[in-house]
Amino acid sequence: MNQPSPSPRQAGTTGLPVTPVPLAGPAPQPRQAPLATVEQALEALRAGRGILVVDDEDRENEGDMIFAAETLTEAQMALLIREGSGIVCLCLTDGHADALDLPPMVACNTSRTGTAFTVTIEAAEGVTTGVSAADRVTTVRAAVASGARPEHLRRPGHVFPLRARPGGVLERRGHTEATVDLMRLAGFAPCGVLCELTNPDGTMARLPEILAFAEERDMPVLTVQALAEWRAAHDAGGGNGRPRNSGEVGMA
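In my numbering, the protein residues as written are 61 to 312.
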């Protein structure tokens, strides 16, 4: 004689009722900040906050944290060091780099994207090893101070200057040029500090991680493409390679 099949609640090997466990749904995704406009990015910089700038997917496909050199704080530098690659760069115009006597890092630049590193720098006074957030801020301030001269810096050091192309993002769609363009447009001296955002495991952050980080830190995310399009539409003469308000503050 056939016995009835045990119900799901009776099928446990111990004879105790077994309650089916519902399948887990998809894990909740972290909130992501929307992409910002140029105006929103400039507003954040003027308020002393940082922004994230993302370049094209077929280029580096990275997001850089960017702060104005004039308003940079030790806490912001610590954020760059802690959350970034550790390579903290100071973006400068050619004229500023020339005034500080900062030659190219190498005679023949074979970088895939042509990143124009100069020799690295350290403040000549007021630093210890040059590695700490405080020391790197001191170095940045020494380099961008009104009347800064070559003797105010030592070489090599732990801050990496970069030379921006004169035409900005309309000449080269890099983070360096985006930084200098944004500082000019925000009304600062054309000097900014950047560092690439990385994930906790050391890999490079891509757009989903960049947007989630931006939401957490309340930092606008701007694309180089959006900045280039804005400049092409707003520059005097329809995009002549220099921002309309390109007057340089300070020595640069």
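By construction, the Cβ of each residue, glycine as well, lies at the ideal position given by its N, Cα and C atoms.
- In the three-state reduction of the DSSP assignment, Ile111 falls in the strand class, which pools E and B.
- With respect to the 9 Å criterion, Ala224 and Thr153 are classified as neighbours on the basis of their beta carbons.
- Following the DSSP letters along the chain, one finds Asp195 inside the alpha helix (DSSP H) bounded by residues 193–204.
- Per DSSP, the continuous beta strand (DSSP E) segment holding Phe220 begins and ends at 213–223.
- Spanning the alpha carbons of Gly207 and Thr188 requires a straight line of approximately 23 Å.
- Here Asp158 carries a helix assignment [DSSP, helix/strand/coil].
- By alpha-carbon distance to Val179, the top candidate from Glu99, Glu256, Val219, Thr170 is Val219.
- Under the three-state reduction of DSSP, Val179 is assigned to coil, being neither helix nor strand.
- Relative to Thr198, the option among Pro163, Val253, Phe248 whose CA is nearest is Val253.
- Pro164 sits in a strand when the DSSP states are folded into three classes.
- For Val240, no beta strand (DSSP E) segment is defined; the enclosing uninterrupted segment is the alpha helix (DSSP H) at 235–246.
- Cβ neighbours of Asn259 within its own chain (closer than 8 Å, five residues either side excluded): Ala265, Glu269.
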